[in-house]
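Trainee: Count the sequence shown with the working numbering and you get residues 1 to 448, in order.
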Amino acid sequence: MITGKEMACFEAALNSENLRERSNVSAEIQELCRGEKIVPAESIEAYNLHCHTFCSYNGYGFSPSYIAWLAAKKGWFAAGIVDSDVLDGADEFFAAASSFDVRAVCGIESRVFVDAMAGKIINCSGEPGIAYHMGVGFTGSNVPAEQMTFLRKLKKKAVERTVGIVERVNIFLSPVELNIEKDLLNLTPYGNVTERHACAAYRKKAEQIITDEAERTAFWAQKLNVPLEEATPLVSDPVKLETAICLKTMTRDGAGYVQPATESLPALEEMNAFVIACGAVPTVAWLDGSSDGEADPEKLLDMHIDRGAAMLNIIPDRNWNFADQQLKAKKVACLNAVMAAAAERDIPVIVGTEMKISGQKLVDDFESTALAPHAAEFIRGAAIAYAHTKLTSTGMGYLSEWSAANFSSKAEKNVFFENFGRKLKPNSFAALKAQIVDMTAAEIIDSL
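1. Is the number of C-beta pairs between the segment 283-300 and the segment 191-198 that are closer than 8 angstroms three or more?
2. If the criterion is Cβ atoms closer than 8 angstroms, does the pair residue 177 and residue 186 meet it?
3. What did DSSP end up calling residue 396 once you bin it into helix, strand or coil?
4. Along the beta strand (DSSP E) that carries residue 313, what are the first and last residues, could you check?
5. Specify the secondary structure class of residue 202 as computed by DSSP and reduced to three states.
6. Report the option in 416, 94, 80 whose CA atom is closest to the CA atom of residue 108.
7. Please name the residue or residues paired with residue 285 in a DSSP beta bridge.
8. Mapping DSSP to helix, strand and coil, what is residue 261?
9. With DSSP collapsed to three states, give me the class of residue 105.
10. Are residue 70 and residue 362 close, meaning C-beta to C-beta below 8 angstroms?
11. Cutting at 7 angstroms between CB atoms, please list the residues of its own chain near residue 54, excluding the five before and the five after it.
12. Nearest-angstrom Cα distance between residue 42 and residue 101?
13. May I ask you to report which of helix, strand or coil DSSP gives residue 148?
14. Identify whether residue 179 lies in helix, strand or coil by the three-state DSSP scheme.
15. Got a sec, what are the start and stop residues for the beta strand (DSSP E) residue 134 sits in?
16. Distance check for residue 312 and residue 94, CA to CA, integer angstroms please.
17. By how many angstroms is the C-alpha of residue 419 removed from the C-alpha of residue 32?
18. Taking the alpha carbon of residue 271 as the reference point, which residue from 136, 105, 411, 17 has its own alpha carbon closest?
19. Taking C-beta to C-beta, are residue 358 and residue 239 nearer than 8 angstroms?
20. Could you give the residue range of the beta strand (DSSP E) that holds residue 350?
21. Just to confirm, is the Cβ distance from residue 113 to residue 265 under 8 angstroms?
22. Checking the sheet assignment: what are the DSSP bridge partners for residue 10?
23. Looking at residue 202 and residue 173, is the spacing between their C-beta atoms short of 8 angstroms?
24. Note down, in chain order, each residue of its chain lying with its Cβ closer than 6 angstroms to the Cβ of residue 444, except the 5 sequence neighbours on either side.
25. In this structure, how does DSSP classify residue 403 when only helix, strand and coil are distinguished?
26. Could you check what DSSP says for residue 80 in three-state terms: helix, strand or coil?
27. Could you tell me the distance, in whole angstroms, from the CA atom of residue 143 to the CA atom of residue 278?
28. Here's a check: name, in chain order, each residue in its chain whose Cβ is nearer than 7 angstroms to the Cβ of residue 254, leaving out the five neighbours to either side.
29. With a CB to CB cut of under 6 angstroms and the five nearest residues on each side skipped, what residues in its chain are close to residue 339?
30. Only counting the same chain, and skipping five residues up and downstream in sequence, which positions put a Cβ closer than 8 angstroms to that of residue 57?
31. Going by DSSP, name the residue or residues bridged to residue 358.
32. Would you call the segment 377-395 and the segment 319-335 touching, i.e. three or more CB-CB distances under 8 angstroms?
33. Specify whether the segment 374-386 and the segment 405-412 touch according to this definition: at least 3 beta carbon pairs, one from each stretch, less than 8 angstroms apart.
34. On the CB-based measure, 16 or more other CB atoms within 10 Å of its CB, does residue 212 come out buried or exposed?
35. For residue 377 versus residue 349, is the C-beta distance shorter than 8 angstroms?
36. Measure the beta-carbon distance from residue 280 to residue 138 and round it to whole angstroms, keeping in mind my assumption that it falls under 8 angstroms.
Here it is in structure tokens:
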């Protein structure tokens with residue numbers, strides 16, 4: 001067995017900025033696992049299918065390779081990455097997941113304009129008609145040529161938005177100013193800088209420019225408009241300080257904020273068309289049920305289903321994990337309501353924790369009182385998403401013509417995809433791929 005110190009070195013290398021180093025270390029860990037010098041945990045009925053990576057922003061600095069290894073090490077049922085506006089980490093993630101024999105799913109998340117809800121807040125605070133929306137079940141970064149322009153535009157627009165925010169915040173936080181090239185674009189391996197990168201960069205730049213801690217505390221107290229006694233503990237906590245910077249300067253009414261023009265975002269229907277053309281599944285991103293747009297989950301899901309959505313993503317921890325018992329009860333009631341609405345419509349549900357902020361859980365507590373009643377549905381959703389990911393390469397994905405021809409209902413389709421996702425061993429699909437195209441659905445399950 002290798003030592004804890006040696007394992008820490010391997011894991012640090014998995015988060016290196018150098019892709020070749022990450023790939024080489026993945027191969028080394030694979031060999032150590034084969035030789036039983038590293039023994040991953042036994043499989044558990046828990047997973048995380050919403051892990052941001054450092055290809056957009058991960059609060060722990062985790063790479064796609066590390067997410068795959070984390071899933072193997074902890075024995076998760078499956079793992080999934082979801083980056084903002086890009087698929088840059090997809091190929092690396094699938095390669096690492098293959099090395100570690102992990103069920104892997106890849107998604108993308110972006111903001112869209114929802115014309116049908118133009119006057120309502122949905123899941124973007126203070127921004128009527130704008131929603132975070134997802135696609136789940138991509139098989140790599142190499143999307144069809146006719147869809148590449150759309151994908152590149154998502155990234156370009158996102159980076160331009162962040163750069164514009166920084167240019168405005170620089171004026172507000174002067175003399176703590178960021179150089180776009182030197183301080184920002186080098187913070188992520190593929191140039192997909194986000195607001196979170198900018199907040200971290202401002203915190204670090206302030207430490208460089210204002211070296212005296214008392215002076216720096218006074219600076220942040222003045223800029224963030226908080227009493228000095230509140231700024232003192234804030235400055236000593238990087239996560240809380242960066243969150244405060246974001247809230248003060250980059251959200252609504254902040255110095256860097258500009259209300260997005262609807263034409264600057266893709267329409268919901270455009271995003272769904274892109275996702276489907278890439279062989280993936282349009283997926284509703286649920287916040288917590290507190291907004292006007294999410295107040296009626298049945299109406300919300302029906303609207304999305306009519307426009308092509310076929311899965312639902314939830315970040316459960318923000319739907320139950322509160323010390324305030326009244327708030328907790330309210331949030332759990334909203335969670336239960338959207339889960340019931342999804343069940344009535346046979347919409348698979350997938351979950352995760354995001355990992356966009358240090359301190360967010362690595363995996364949800366599926367055994368908690370709030371989540372235990374839904375745990376089986378969560379696992380079912382992961383199995384379906386994984387099965388789709390594998391089968392879509394044969395033209396047999398969740399939304400394929402093959403599925404439409406072979407199943408008389410969504411419920412019947414879900415049973416097949418769940419069984420396939422549960423029974424298929426991650427690295428056994430290559431041997432099955434050529435055989436199953438001529439099989440019936442029942443024969444495919446029997447062959448596993």
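Each residue gets a CB set at the ideal place from its N, CA and C atoms; glycine is no exception.
Mentor: According to the structure data:
1. no
2. Their beta carbons are not under 8 angstroms apart, which means residue 177 does not touch residue 186 by this criterion.
3. coil
4. 311-314
5. helix
6. 80
7. 313
8. Under the three-state reduction of DSSP output, residue 261 falls in the coil class, being neither helix nor strand.
9. strand
10. yes
11. 61, 62, 63, 188, 189
12. 13 angstroms
13. helix
14. Annotated three-state conformation of residue 179 is coil, per DSSP.
15. 130-136
16. 22 angstroms
17. Taking the straight line from one Cα to the other gives about 31 angstroms.
18. 136
19. yes
20. 349-351
21. yes
22. DSSP lists no partner for residue 10.
23. yes
24. 436
25. Residue 403: helix per DSSP, three-state reduction.
26. strand
27. 6 angstroms
28. So the qualifying residues of the chain are 248.
29. 374
30. Scanning its chain for C-beta atoms nearer than 8 angstroms, with the 5 sequence neighbours on each side dropped, one finds around residue 57 the residues 84, 188, 194, 196, 197, 356, in chain order.
31. 360
32. These segments do not touch.
33. no
34. exposed
35. yes
36. 5 angstroms
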